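Visitor: Can you keep this structure in mind? I'll have questions shortly.
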Amino acid sequence: MEENKEVKEEVKETEVEEDAGLEPGLESDVETIEVKLQNEIDELKSEVDRLKNAYAKAYADTENVKRRLQTEADTNKKYRIQSFAKEILPAIDNLERAMAASDDSESQLKKGVEMIYNQLIKSLKDEGVEEIDCLNKKFDPNFEQSIMVEKKEGVEPGVVIEVLQKGYMLKDRVLRAAMVKISE
Numbered sequence: 002m003e004e005n006k007e008v009k010e011e012v013k014e015t016e017v018e019e020d021a022g023l024e025p026g027l028e029s030d031v032e033t034i035e036v037k038l039q040n041e042i043d044e045l046k047s048e049v050d051r052l053k054n055a056y057a058k059a060y061a062d063t064e065n066v067k068r069r070l071q072t073e074a075d076t077n078k079k080y081r082i083q084s085f086a087k088e089i090l091p092a093i094d095n096l097e098r099a100m101a102a103s104d105d106s107e108s109q110l111k112k113g114v115e116m117i118y119n120q121l122i123k124s125l126k127d128e129g130v131e132e133i134d135c136l137n138k139k140f141d142p143n144f145e146q147s148i149m150v151e152k153k154e155g156v157e158p159g160v161v162i163e164v165l166q167k168g169y170m171l172k173d174r175v176l177r178a179a180m181v182k183i184s185e
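This note's numbering puts the sequence shown at residues 2 to 185.
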C-alpha cells in the first residue's frame, strides 16, 4: 500500500515537472521556477502597495481641493456685498449730511431723504453691514482711525470723544474704519 502511495507521488511530481516543461527528475528547475514566481509575486505586491499609496494621495489631494473650493465659495457668498457696500457708504454719508443741514424737521424733502436713508440702512443691515459703535469708548485701532487728538476735562486719555466719519463692519470684517477724535 505504501509502495503504491510512493509511486503515485512520484508520478505526480513527474507530471508537475512535465507540465512546467521540465524533464522528469529536475527538482532544481522547479525550485528556480518557484523562486521566480515568488519574486514576481513580491514585485506585484510592492506594485499594488505603491498604487494604493498613490491612490490615497490622489484622493487626499482631491478632498483638500474640494474643501478649499467650498471654503472659498462660502467666503465669497458671505462677503458678496462688500464692494457694493463700500461704494454706497459715501452716499449714506451725504444723506446724513443732508438730514443734518435741514432746519425744517417738517419739510417733505427732509422726510423723503430720511426715508431713503432708512431704507438703505435697513438693506445694508439685512446683508450684515453694521455701524461701528465707538463714541465714548476706548480707542481701538482695529476699528477706528484717529484723525485728531484733543484734551478734554473729565475724560480719560485714549477715549473716542467725537466721530468724524462713521465706520462700518460687514459681518466680521471692517468695511471702513471710523475716523475719530480721541482724548489726550
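Just so you know, even glycine gets a beta-carbon here, dropped at the ideal spot from N, CA and C.
Bear in mind that the values here come from a model prediction, so they are computed numbers and not experimental data.
Using only CA atoms, which one of I89, E128, E97, K182 lies nearest to G113?
Guide: Taking the first residue of the sequence shown as position 1, residue 113 is located at position 112. Taking only the C-alpha atoms, the option nearest G113 is E97.
Visitor: So for L136, helix, strand or coil by DSSP?
Guide: Locating residue 136 in the sequence shown gives position 135, counting from the first residue. Judged by DSSP in its simplified three-state form, L136 adopts coil rather than helix or strand.
Visitor: For V160, which of D94, K79, N137, M116 has the nearest alpha-carbon?
Guide: The residue given as residue 160 occupies position 159 in the sequence shown. Of the listed residues, the one whose Cα sits closest to V160 is N137.
Visitor: Out of S184, V175, I183, point me to the one whose CA is closest to Y80's CA.
Guide: Position 79 of the sequence shown holds residue 80. The residue with the shortest Cα to Cα distance from Y80 is V175.
Visitor: Of all the beta strand (DSSP E) runs that stay within the bounds of the region 81–120, which reach a length of 3 or more residues?
Guide: none
Visitor: Measuring CB to CB, does K182 end up less than 7 angstroms from G129?
Guide: As a working note, residue 182 is residue 181 in the sequence shown. As a working note, residue 129 is residue 128 in the sequence shown. The answer is no: Cβ separation not under 7 angstroms.
Visitor: When you compare the region 106–125 with the region 61–74, are there three or more beta-carbon pairs, one atom per stretch, that lie closer than 8 angstroms?
Guide: no
Visitor: Can you give me the C-alpha to C-alpha distance between Y60 and V66, rounded to a whole angstrom?
Guide: Looking up residue 60 in the sequence shown gives position 59. Looking up residue 66 in the sequence shown gives position 65. For Y60 and V66, the distance between alpha carbons rounds to 10 angstroms.
Visitor: Between which residues of its own chain and M180 is the CB-CB distance below 7 angstroms, once the five residues before and five after are set aside?
Guide: Looking up residue 180 in the sequence shown gives position 179. Closer than 7 angstroms at the Cβ level, and outside the excluded window around M180, lie Q146, I148, L165, Q166.
Visitor: Does the Cβ of I93 have 16 or more other Cβ atoms within 10 Å, making it buried, or fewer, making it exposed?
Guide: Mapped onto the sequence shown, residue 93 falls at position 92. The residue is buried, with at least 16 neighbouring Cβ atoms inside 10 Å.
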